Amino acid sequence: MCTGIGFVTKDGQVTFGRTQEYALPLPVQAAIIPRKFVSKSQLLSPITFKYATLAVVMDGKMADMNLRDKMSKEMPDLKNILSETSETELIMDGVNEKGLAGGSFYFGNGYNKYAELETIQKLNKTPLRGEEVVTYVLANYSSVQDIKEHINQDVQVANVKNLLGDAQPQHYVFYDQSGASISVEPDHYDGFTITDNKVKVFTNTPHFDWHLKNLQNYTGLSCYATPTRNIGEQEVFSGGLGSGLTGLPGDFTPQSRFVRAAILRDLMVVPENVEEALHHTYNLLNQFDIPYGAIRKTSPFNPEEETIQYTQYTSAYGLNPEKLILTIKTFEDNQISRLEMTPDLFEGEKVLRAAVSRKESYHFLKIGV
1 MCTGIGFVTK DGQVTFGRTQ EYALPLPVQA AIIPRKFVSK SQLLSPITFK YATLAVVMDG
61 KMADMNLRDK MSKEMPDLKN ILSETSETEL IMDGVNEKGL AGGSFYFGNG YNKYAELETI
121 QKLNKTPLRG EEVVTYVLAN YSSVQDIKEH INQDVQVANV KNLLGDAQPQ HYVFYDQSGA
181 SISVEPDHYD GFTITDNKVK VFTNTPHFDW HLKNLQNYTG LSCYATPTRN IGEQEVFSGG
241 LGSGLTGLPG DFTPQSRFVR AAILRDLMVV PENVEEALHH TYNLLNQFDI PYGAIRKTSP
301 FNPEEETIQY TQYTSAYGLN PEKLILTIKT FEDNQISRLE MTPDLFEGEK VLRAAVSRKE
361 SYHFLKIGV
């Protein structure tokens, strides 16, 4: 469960943002990954970064030890798997030095079609797990067009379980600094289906083109109140402000979230610049925060316990290569944090990491100021 949106500003800047939902605490950090870094230890295939990347990553270091311990209790085998000296950087979402941004989203219920490892190797493609595709793309491609031209020749998702015992079903959205966006879905055994994302919105199942067709059911929604009208001889007053959006889906299914995000994004005032677009992103994505406890299911590790699906973080990016921007807020801290990557940081000998806040912080007001 995740929701993503993009904006193109009046002055031509592009932003991308997403929510990240999961039932177990994700040990994420912000990171600047330099050119030539090789991410390898826990990946199916080593990935060398042609392009420096600013990203939210989940890596073996597990900087927040409380989260590490909590995950280890949920999944006992994890303690022996995760290494504090891991050379792995697994990207959840990010932007590279060329202004190409993207994120990995859940794509379950059998919609994903992963090929056998041996089949991919015979085709001389690089095999990846589902959750590794965004890392590869941001490390190697410079634009949406670059992805279109090369991804189906270069890589394919293999039906290989990860360290947690699952072949994680994923699909992907990408944006570049031109404003172009695409959906990339591993929904057939020969590779990826690539679809232009002109609505600048992304969620989960079913296929992306289904979501686009479903929008035809909501073309009557409006930012204006419905008018008073006569029904028979009875004058019926409008429901008031907001009545133009009567029928807008409000639940948390992927189908409803896609419609809600697409319609509300379309009705929003076009942002003037990147700072306003980042603000718009959080303003809109607040609609998709899942109240803690509202969505539950039986734990796959203990049938007598429940897991709670909740919004773990929201991130938003500015895609200008002269000053790439990552902003993030977490479930534990509603205050937005920010990290920037400028060209002088593209080269480096090691990954630069920044821990995200896991404790609520406040901006204190001053009386009389």
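Using full-length UniProt numbering, the letters of the sequence shown map in sequence onto residues 1 to 369.
Ideal placement from N, C-alpha and C gives every residue a C-beta, glycine not left out.
From a predicted model like this one, the values you see are computed outputs, not experimental measurements.
Check, Outcome
"State the beta-bridge partners of Gly191 as determined by DSSP.", "His188"
"Return the first residue and the last residue of the beta strand (DSSP E) that Ile325 is part of.", "Leu324 to Thr330"
"DSSP three-state call for Asn214: helix, strand or coil?", "helix"
"Which of the three DSSP states, helix, strand or coil, is assigned to Leu345?", "helix"
"Starting from Ala139, trace the alpha helix (DSSP H) in both directions and tell me its first and last residue.", "Val133 to Asn140"
"Keeping to the same chain, check which residues put their C-beta closer than 8 Å to that of His363; ignore five residues upstream and five downstream.", "Gln335"
"Tell me, which residues are paired with His171 by DSSP?", "Phe105"
"The alpha helix (DSSP H) spanning Asn152 covers which residue range?", "Val144 to Asp154"
"Can you tell me whether DSSP reads Val8 as helix, strand or coil?", "strand"
"On a Cα-Cα basis, can you pick out the residue from Gln312, Pro271, Ala294 and Leu123 that is closest to Asp11?", "Pro271"
"DSSP puts Glu235 in a beta bridge; with which residues?", "Asn230"
"Grab me the residues of Val38's own chain with a C-beta within less than 8 Å of its C-beta, minus the 5 sequence neighbours each way, in chain order.", "Pro46, Ile47, Thr48, Phe49 and Glu87"
"Decide if Asn286 is buried, meaning its Cβ has at least 16 other Cβ atoms within 10 Å, or exposed.", "exposed"
"If I measure Cβ to Cβ from Gly179 and keep anything under 7 Å in the same chain, skipping five residues before and after, which residues do I get?", "Val8 and Val14"
"In terms of residue numbering, what span does the beta strand (DSSP E) encompassing Asp93 cover?", "Glu89 to Asn96"
"Return the residue from the list Phe346, Arg353 and Ala277 that minimises the CA-CA distance to Pro321.", "Phe346"
"Please work out which residues of its chain come closer than 8 Å, Cβ to Cβ, to Leu172, disregarding the five sequence neighbours upstream and downstream, and give them in chain order.", "For clarity, residue 172 is Tyr in the given sequence; the question names Leu instead. So the qualifying residues of the chain are Gly102, Gly103, Ser104, Phe105, Val133, Val134, Val137, Ser183, Val184 and Glu185."
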